[in-house]
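Since the structure comes first, as structure tokens, the remarks are kept for the end.
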Amino acid sequence: MSTGRSADAATRPTATAPDPSPDDDRRLSPEPAPDPPEIAEELALLNPSLGPIEPPVRAVLFGQARFEQHGRSLAQAQAVQGTAGAGQFFPRLDDNVAMLQQTRRLIEKRHRDFRHLGAAGKWLLDNAALIDEQTHQVRRGLPRNFFRLLPRLRDEPLAGLPRIYGVAWAWVAHTDGGFDTGLLAAYLRAYQEERPLSLAELWALPTTLRVVLVENLRRLAERFATLQAARDVVHHWYDGHPAASGIAAITALEPRMTERGVAEAFWLQLDHRLEELPQPLMGELAAWLSTRLPVPAQALARQQDESIKDLQSIRNAITALRRIDQTNWRQLIQSVSPVMRTLGESPVFAAEAPDTQDLTLHEIERLARKSGRPELEIARQLLALTQGAGPPVDGEPDRRSAPIYWWRGAGRPTLLAALGLREHPWPPHDTAPGQRWAAVAYLAGLALLGLLGLSWLMNQARPDAAPWLLALTALLAAGPIGEAVVALTNRWISELARPARLPRLDFSQGLPDAERTLVVMPVLLTREEAVAPLAAQLEQHHLANPERLVQFALLSDLPDAYEEHHPGDTMIVVTAADAIAALNERHGPLADGRPRFLLLHRAREWSSTERRWIGWERKRGKLERLLRLLAAPAGASPFADFGPLSRPAPGVRHLITLDADTDMPPGRLRALVGTAAHPMNRPRVDAASRRVVEGYAILQPRVLAPMPDDAASTPYHRLFVGQFGIDPYSAVSSEIFQDLFGEGSFTGKGLLDVRACHAVLDARLPEGQVLSHDLLEGSIARCAGVSDITLVEDSPMHADVAHARLHRWTRGDWQLLPFIAGARRYGIAPINRWKLIDNLRRSLVAPMALGLMLLVLGTAVLPLGLTLAVVAGAFAIGPLVGALAGVVPSRDGLARRHFYRETGHDLRRAVGLAAWHVALLLHLSLLYLDAIGSREVWRSFNCSAAFALAAAPNAPLRSPVMAPITACAATRYSP
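Residue numbers for the sequence shown follow full-length UniProt numbering, so the first one is 1 and each next one is one higher.
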């Protein structure tokens, strides 16, 4: 027995050290030890082919002064060449993930076997899910194509990796994986005193820090697990039959231990249990160990010291990963980026929302790559241009004071010239020059594709068909062919064009007093029982979007009547006033003491065209008179006097109109007003032509259906509702007219600039001739489609309700024929005239498709199967292409299965829509023809009554010619 060796072993540190001593590796269970476990996992970690364990990313700790010095010296020392590729980065990440999973399996095995893990093992096991999530965030935060934007290092040991990787590596090494935002900011600022980092590099820093920390955790976990594996192999030998196998069985493992760098731990564990061996085996092993462990106590002290350091590094790395997620990186990067600090001197840029600032920052990156100039130089050029803008006029900032004006607006040629660049012959579609070209290309493309499609179809016609028959066939086929071409083109554009995001000011902390807003719900007060739901909806808007100085109002009329007053009118209005008063009592006044909720109620007026008492011009008239009151408050109010309850606050800048069944989710009000308040979006009206020549007088958010309620939903609703719910991850979607032409389509729910809308719309449209006024008003007042702001509104549950609405819309669309013909007089742009024409074209698709089918059945001028396919495809091509486009992007794991499941649902929906339209082709054709042939449409050309708006959504169809036929068809073919 070697008493000296036993004495050396007895000098080891006690079990209170962070990492277990060899004694701690004995089973903690008081029960008899189970059979020795298999050591396949242990031997796998000890495979010599894995090479030596890499040391942790750990160096001398620096304070702020030393870090600033190191930042400057590192910037001078790092040599870069070209841009990085993803070739080295992701294999390195995959290797780290694989090793972390392998070490986790060993740690979990020890945990299952009740073996002591030690503090380091517990930290790694308890935070395994966090480490997994961080690796997923790395993959999401650094797509492979992002590396082409990052300069790469030329010299070893990190040659080929992004330069920012070296910056992050030095940070992790000299903080031992710690995280302090103040220290990090000082380090980055010092680095950039010598060599500025690009915007892409700074934005890649959070993810790159995660990558380096994960690599450090991999090294620490691998060392911990491999050390434990070496000890476990020793235990396995001792707990077996060492006398039978001899020391050769265990000493033969020494080369792999040496190769992996854990030989010392292997020797220490053999030495620790040496006295358990019988003689002469003990003496033989002791002699073998004496040449390797002259002083075991010193070796054990080294092991304990490294374990303490490793435990602290593991704690630091895991804590840093959590703090990275909690850090306001935008604020940090803004404080260290020379580009962002330069642009921050622009008051407009400083006030912009982060997403809007990013638009300018991304454009600076593109211009820097294109021009070869530093990003900071381009930022300074932008700032100089904005500082040359004129002073505010009537409190309105000059559009030229916004940096975005100089790269997206009319100032783009000036900026490009200053940078020595020339505009591409096909400028970006989201710039002013690009939008002018887009309208021509879009309309010409539709015409060309339509002619090609029609030519192809007519080539399938009977060669012996008479010319008049071919002409009639071509005329009727133009309907479904045109529908397919428009749907296909629009879908293709939505897939390829980058969605346009309007610039926005950051009002996330509340609306300023200068942007006072009134939210109104235009409603009909039909009966007393209907008041409570309307008041509840108004209250919901306030609860979802509470503001200091925003008022919410019911903008109400009474139903049409043949007498000015009905006996129940007074009680209905009193009930509404009481409901509004109750809301004010419940929620209190505004910050300035004015009522928060209002009742703006109009009395009936005699309509000589309608020959009854109505609310003047219905919804359009309510809004027009309210705009007049808000823009010129000195005049007489058109609304009933309920004291303060009927008096909007002075200085209202924005009017938000919502239907009674429309929801405005939280944050949408601030987003809408922030968009309207940006200098690039402020409307500028030409007084002579009464046109909005810059900016937008109307903002139209995107309208989505709510999440479906299976109990209340119907098959019709599920088939036609399309996309529903609010996606919190995709901020913006395509609205092709806004994306390509810089103008959207107003659908009656959105924000109106009070002064601009009053200036261009007041008394502009003839009385009694406009039923479908939303699109027309948006065309005159210039409407923007704001697709990254969503409102929620359900779709009809049943076909009869939807078809009654369709009938009403079609009547209104055809009443706009005089405005299409006189578009120039009203300042309607060509692309907006196309929108009005396109509505008429859509209403003719079903009748023309039916006519084509009947013609083919009667004359066989075209193959019947082909004709049926063309008709069905006209109604299905849009949803079908959208569903097929969903197959293209790649997804992984469960996301892919969910993605394809949703794609299958969309495909079934596209087929269902085609089948529905073909089955109801006769009914839909009669419906459209009834609307087109209604008295209201054709009397509008005589300036007679034109707009009998149905109070109920399923109002009867009133054409004296088509009504009996339509009623019969509806009875026979409606579901």
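Cβ coordinates follow ideal geometry from the N, Cα and C atoms, glycine included.
Residue i, buried or exposed, once every other Cβ within 10 Å from all chains shown has been counted against 16
i: residue 145; result: exposed
i: residue 562; result: exposed
i: residue 168; result: buried
i: residue 729; result: Annotation note: pLDDT 35 at residue 729 (below 50); position unreliable, no value reported.
i: residue 4; result: The pLDDT assigned to residue 4 is 38, lower than 50, so where the model puts this residue is not dependable; a value taken from the coordinates is nonetheless given after this. The residue is exposed, with fewer than 16 neighbouring Cβ atoms inside 10 Å.
i: residue 693; result: exposed
i: residue 616; result: buried
i: residue 468; result: exposed
i: residue 893; result: Per-residue confidence for residue 893 stands at a pLDDT of 45, beneath the threshold of 50, marking its modelled position as unreliable; the derived number appears in the next sentence. Result: exposed.
i: residue 496; result: exposed
i: residue 570; result: exposed
i: residue 586; result: exposed
i: residue 155; result: exposed
i: residue 976; result: Because the chain here runs from 1 to 975, residue 976 falls outside it and cannot be looked at.
i: residue 686; result: exposed
i: residue 948; result: In this prediction, residue 948 has a pLDDT of 41, which is less than 50 and means its spatial position is unreliable; what the coordinates show is noted afterwards. Its Cβ being crowded by 16 or more others within 10 Å, residue 948 is buried.
i: residue 848; result: buried
i: residue 389; result: buried
i: residue 739; result: buried
i: residue 482; result: buried
i: residue 961; result: In this prediction, residue 961 has a pLDDT of 41, which is less than 50 and means its spatial position is unreliable; what the coordinates show is noted afterwards. That one is exposed.
i: residue 978; result: The question about residue 978 has no answer, for the chain in this structure spans 1 to 975.
i: residue 661; result: exposed
Continuous alpha helix (DSSP H) stretch holding residue i: start and end
i: residue 597; result: No alpha helix (DSSP H) contains residue 597, which is instead part of the beta strand (DSSP E) from 597-601.
i: residue 779; result: 774-781
i: residue 257; result: 254-260
i: residue 770; result: Note, residue 770: premise wrong, no alpha helix (DSSP H); not H, not E.
i: residue 736; result: 736-741
i: residue 858; result: 830-859
i: residue 269; result: 263-272
i: residue 310; result: 296-326
i: residue 813; result: 799-814
i: residue 928; result: 921-932
Nearest-angstrom Cβ-Cβ length linking residue i and residue j, presumed shorter than 8 Å
i: residue 416; j: residue 520; result: With 8 Å as the limit, residue 416 and residue 520 do not qualify as a contact, their Cβ atoms being about 44 Å apart.
i: residue 880; j: residue 476; result: Not quite, the Cβ-Cβ distance comes to about 23 Å (not below 8 Å), so this is no contact.
i: residue 551; j: residue 403; result: Actually they do not touch by this definition, with Cβ atoms about 34 Å apart.
i: residue 792; j: residue 665; result: 6 Å
i: residue 185; j: residue 336; result: 5 Å
i: residue 689; j: residue 827; result: 6 Å
i: residue 679; j: residue 348; result: 6 Å
i: residue 850; j: residue 925; result: 4 Å
i: residue 753; j: residue 676; result: 6 Å
i: residue 256; j: residue 137; result: That belief does not hold up - the Cβ atoms of residue 256 and residue 137 are roughly 36 Å apart, past 8 Å.
i: residue 82; j: residue 152; result: 6 Å
i: residue 698; j: residue 778; result: 5 Å
One or two residues paired with residue i in a DSSP bridge
i: residue 662; result: 793
i: residue 606; result: 613
i: residue 701; result: 786
i: residue 505; result: 352
i: residue 281; result: Answer is none; residue 281 lacks a bridge partner.
i: residue 551; result: 518
i: residue 80; result: 153
i: residue 561; result: 613
i: residue 556; result: 523 and 601
The ligand ZN heavy atom lying under 8 Å from the CB of residue i
i: residue 284; result: You won't find the ligand ZN in this model; it holds no ligand whatsoever.
Continuous beta strand (DSSP E) stretch holding residue i: start and end
i: residue 494; result: Per DSSP, residue 494 belongs to no beta strand (DSSP E); it is in the alpha helix (DSSP H), 467-496.
i: residue 753; result: 750-753
i: residue 521; result: 517-524
Residue-level contact to chain B via CB, residue i, 9 Å cutoff
i: residue 47; result: Looking at the structure shown, chain B is missing, and only one protein chain is on hand.
Extract the residue ranges of the alpha helix (DSSP H) inside the region 329-416, only unbroken runs of 4 or more that lie entirely within it. Fully contained in the region 329-416 are the following alpha helix (DSSP H) runs of length 4 or more, in chain order: 329-336, 338-343, 347-351, 354-371, 375-387 and 403-407.
List in chain order: all unbroken alpha helix (DSSP H) runs of 4+ residues lying wholly within the region 625-697. The region 625-697 contains, as complete alpha helix (DSSP H) runs of 4+ residues, the segments 668-677 (chain order).
Quick one: complete beta strand (DSSP E) runs, 3+ long, within the region 151-188? If we require 3 residues or more, the beta strand (DSSP E) runs fully inside the region 151-188 come out as 151-153.
Can you list, in chain order, the stretches of the alpha helix (DSSP H) that have 4 or more residues and sit fully within the region 96-134? Scanning the region 96-134 from its first residue to its last, the whole alpha helix (DSSP H) runs of 4-plus residues come out as 118-126.
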